[in-house]
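For the sequence shown, our numbering assigns the number 8 to the initial residue and increments by one for each residue that follows.
Every residue, glycine too, gets a C-beta built ideally from N, C-alpha and C.
Since this is a predicted model, take the numbers as computed values, not measurements.
Input: a single structure, listed below in structure tokens.
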Amino acid sequence: MTKKWFTESVDATKEVLETSIEQGLTAQDVANRQSQYGKNELQEQAGKSALELFLHQFKNPLIFILGIGAIVSFFTGHLVDAIAITVIIFINAIIAFWQEFKAQKGMEALREMAAPTAQVKRDGQWMDIPAKEIVPGDILKISTGDILAADVRIIEANRLSIDEAALTGESEPVDKKVEVIDDATVGLGDQRNMGFMTTIVTSGTGLGIVVNTGMKTEVGHIADMMANTEETKTPMQERMDTIAKILMVAALAVVAVVCGIGLYHGMPWLEILNTGISLSVAAIPEGLPTVISIVLTMGSTQMVKNNALAKQLSAIETLGSTTVICSDKTGTLTQNQMQVMKAYDVSGRYWEVSGKGFSPEGEFKPLGHHIDAKQSPEMMKGLVVATLCNDAEYLKDGDQSKVRGNPTEGALIVAAAKAGLEQSEMLSTGGYSIVEKFPFDSARKMASVIVRSPEGKHFLAIKGAPDVVLNHSAGFMVDGQYVSKLPVSETVGNCALKTDAADCIVANYEAAIQDFAHQALRTLAVGYKELSDDDLKRDHSELEQEVILLGLYGIMDPPRPEVRAAVDSCFDAGVRTVMITGDHALTAAAIAREIGIIRSEKDRVVTGAELDSMDDDELRRICPQVAVFARVTPEHKLRIVQAQQFNNEVAAMTGDGVNDAPALRRADIGVAMGITGTSVAKDSGDLILLDDNFSTIVKAVRQGRQIFDNLRKFIRQALTANVGEVSVILFAFLMMGPEAILPLTPLMILWINLVSDGLPALALGVDPEEKDLMERKPRKRNESFFSDHLGTRIVTRGLALGAMSYLAFDWALDKGFSANYAQTMAFAMLVFAQLWHLFDSRSFTTLFRKNPLTNKSLLGAVAISATLSLSVIYTGIGQLIFRTEALQGGHLFGVIMAASLPTLILSAIKEVTKTKLV
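So this is what it looks like as structure tokens:
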């Protein structure tokens, strides 16, 4: 187990690692430790080569069967058939290869995040060295802007703050300290005396003892999880594997039956081989992988328009199968822009602050009173203090508003702007100037500045933790008047008669703090103090006493406005939304209640510490009841996703940080943030949100469901055609005995599969969505494409199409037409029967319940398919290649009309009887 360095004192850490703050390590120490620990870098595992990926595509059972058919065709002299099948095999393999040929950049991205150099003390001297040469025990200098080169135990912290969001999910920079943490169970985000590799120093300076390097660091641990986390097959891939196996078994069974019949009748081996080739071609839908890829690609294109970029095509359909969405909080469910939500002045008045993020558009709305914020002297004075005692800077670029610096401080500037106080104007033309700053530090929990006012006087502007500012105050500004903390019997502000005013003010103030805390708002209090010229020479520890308290502000990263409706839409569709965040449980729970993730008292909130005490079985048991997982680590996220999958859930996981990468990789569909996401997260995910918005996921779920519906429609159409092709040959063998003539040649079958049937079937990929699309419960993980009796309908419709085709073939032979003419009749009958069947494939009810004109693409595709197929019959080149003969006009008309009968009759039976078997 990794040593918990945060529980060790500085002296103990130095002793264990045998190092000195004054001298650092010696050259000999470094050499020995580099030999023991190796380079301070992340190890990368080699992936599959391009050739290996390409050859892998030929392991598909469908491809295998087609390959055998191509070989047999070649050796039996059917060169055109052999070439056509071979081309199809390579087209399918190339398309699948390009889908998978996306090099896994996750480890490379992690390596790029590491610091290139670092400043360490060796032999008593500070020196810059390549970060990969750092060893445990090195004394590392930490400065603002640095990327930490290793995991360190902080031994000196001067207002040191580090952004660990990518690693822990914590939305705010973490203030670091030196003191020991006694609780050995605290999570990564609460280890405030530690610094971690790849995190960024946002402010201050410090020193640290390197405790872990390379793959032993926290980010190295994540890299190891990424390398060893198995990427699960998507439900789409599992279903396609099932189809491939079914078709392979069916093809072999049919070939075996026909060969047995042929041998029984004493047919020559060459004829049996020709028949076997025709059957293998007829049984396998050659265009199935290609058309599915094209349908998914069209869906991918549409998703990009909705701000979702699919990296893997199979992930698109998986979205439609999703049963649980494990969503990060910050930036996905929330705006990732801190905002003042509530304001309180010490007169006892509350205001709700409207607006969105860092935009200055918004206002202070009175709550329970009618006083405008601008009419409250203490509120306006407080906003002046909050704006001037502030290291953040408000920036506006055209219509875009943003804050440079700490987001919480930026929220105060934006709130002041909503009340008409512009920071830049106050400091440039408003007459205010900053004389001296006393920055925030974690010891005193305050920050203050000396300000020169427009009148030339000086005052101290102070902000900090509400309880600390209260303890440092001498009194309050109430309705513009000073009220001392000393007992005074009078009525002031909102306080009742005959009560002690100061006690009442304090009680109301503390109640406001509690109220804000219950709403998971981060609170900051503000105050001020008039200064004399002599005061300007005093230390800030003296100045920050006996201040006048003005009020406080409740700040949070608010939910996105559209998220509540999106979560409700998921709930109606049977998709659970679970929040998984590195943030504190109270904050996470408050957001979850507001947006509808927590909908009742039964919905649990579980912390990372609680997860550590659970085994996998217990986690799996509680997963269905948990709405929020808070203060979690990368291991927790991975365990949660695995537990959901064990419960037969199809899990989508969102994330933006390095800490999310293993879970993104493991999830059925990993959803990475495109704006705030790290390159590691993007490389680990299957889908990238271009707007980082949860509602985009819901749109993608809707589209995924529609794509699944349309794929089922296409597979129904394609496999019905294959059953028809196989059955027409079987009917010929069964009815004609040893004198059987093939009703269709292999090349005719290929044409039907790829052009006559494949082209219009593509149009099913853009069929409008069904009305109940988002009202259905999610599909089960193991639900096949053939569920709800779809397989039965494929067989019955296919047999009907095959029977009509054989009857046309047999009628032509019976009338004395040539074998080629009879084959052309069978070919035309099957082509037009499939085109009629297309309109029935559009619906899971019957064609009588769906307007045939709502899919213009389908009408166009049917027209093109019919025209191309007729060209095979009526052009010289078509007759030469396919050995067809021109049909008489009356025969062609009769074929087109008769071809509609299977679809119309069976649909009518289904409409009347409500059976799902036809």
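Rounded distance between the beta-carbons of residue j and residue i, thought under 8 Å
i	j	result
Thr685	Ala637	Thr685 to Ala637, Cβ: 21 Å. No contact.
Leu766	Ala868	5 Å
Arg800	Arg723	7 Å
Gly603	Val574	4 Å
Gly471	Ala450	The pair is not a contact, with the Cβ atoms about 11 Å apart (cut-off 8 Å).
Asn200	Phe447	Not confirmed; about 18 Å, so no contact.
Gly932	Leu557	This structure gives no information on residue 932, because the portion of the chain shown stretches from 8 to 925.
Ala125	Ile101	46 Å between Cβ atoms; not a contact.
Distance, residue j Cα to residue i Cα
i	j	result
Gly731	Ala833	11 Å
Leu434	Gly417	16 Å
Lys689	Met811	53 Å
Lys369	Lys363	The amino acid at residue 369 is misidentified as Lys; the sequence shows Gly. Those two C-alpha atoms are separated by around 8 Å.
Leu860	Leu866	7 Å
Ile2	Ser872	Because the chain here runs from 8 to 925, residue 2 falls outside it and cannot be looked at.
Glu324	Val265	37 Å
Ile555	Ser210	29 Å
Asn760	Leu845	13 Å
Met3	Phe721	Nothing about residue 3 can be reported from this structure: the residues present for the chain run from 8 to 925 only.
Ala668	His591	21 Å
Ser539	Ile441	16 Å
Val708	Thr853	26 Å
Val476	Val533	7 Å
Ser354	His228	53 Å
Leu814	Val302	34 Å
Phe365	Ala770	45 Å
Ala826	Ile748	8 Å
Ile98	Ala89	14 Å
Trp843	Met781	29 Å
Trp818	Leu808	15 Å
Ser763	Leu875	8 Å
Glu29	Trp133	10 Å
Phe855	Val919	11 Å
Thr661	Gln651	14 Å
Phe900	Arg849	25 Å
Arg786	Glu171	38 Å
Ala230	Ala658	22 Å
Val226	Arg804	57 Å
Ser907	Phe839	8 Å
Ile154	Gln526	35 Å
Lys112	Glu48	Confidence at Lys112 is low in this model, with a pLDDT of 43, below 50, so its placement is unreliable and no value can be given for it.
Residue burial classification, residue i (beta-carbon count within 10 angstroms, cutoff 16)
i	result
Ala728	buried
Thr282	buried
Leu374	exposed
Tyr535	buried
Gln430	buried
His547	buried
Ser168	buried
Ala263	exposed
Asp541	exposed
Ala572	exposed
Pro631	exposed
Phe653	exposed
Ile682	exposed
Heavy atom of the ligand MN within 7 Å of residue i beta-carbon
i	result
Gly897	In the structure on display, the ligand MN does not appear, and there are no ligands present to speak of.
Chain C contact for residue i (CB, 8 Å cutoff)
i	result
Val94	The structure shown contains no chain C, having only a single protein chain.
(request) Could you pull out every unbroken alpha helix (DSSP H) segment of at least 4 residues lying fully inside the region 877–923, listed in chain order? (result) 883–889, 896–906, 908–920
(request) Pick out the complete beta strand (DSSP E) segments inside the region 428–487, 3 residues or longer, and give them in chain order. (result) 440–448, 453–459, 465–471, 480–485
(message) Any contact between the region 635–655 and the region 555–572? By contact I mean 3 or more CB pairs, one from each, below 8 Å.
(response) no
(message) So, does the region 210–222 touch the region 154–174, judging by three or more C-beta pairs under 8 Å?
(response) Touching, per the Cβ criterion.
(message) As an exercise, report each continuous alpha helix (DSSP H) stretch of at least 4 residues that is fully enclosed by the region 820–878, in chain order.
(response) 826–848
(request) Evaluate the contact criterion for the region 709–725 versus the region 345–352: three or more CB pairs, one atom per stretch, below 8 Å. (result) no
(message) I'd like to know if the region 609–617 and the region 739–753 are in contact, where contact means that at least 3 CB-CB pairs between them fall below 8 Å.
(response) no
(message) Check whether the region 254–268 and the region 704–714 are in contact - that is, three or more C-beta pairs closer than 8 Å.
(response) no
(message) With three or more C-beta pairs closer than 8 Å as the rule, is the region 511–523 touching the region 375–389?
(response) no
(request) With a floor of 3 residues, list each beta strand (DSSP E) that falls wholly inside the region 311–374, ordered by position along the chain. (result) 315–317, 331–334, 346–352, 356–360, 371–374
(request) Any chance you could list the beta strand (DSSP E) runs of at least 3 consecutive residues sitting entirely within the region 637–710, in chain order? (result) Those beta strand (DSSP E) runs which fall completely within the region 637–710 and span 3+ residues are 658–662, 676–680, 694–696.
(request) Write down every uninterrupted run of the beta strand (DSSP E) in the region 541–603 whose length is 3 residues or greater and which is fully enclosed by it, in chain order. (result) 554–563, 583–587
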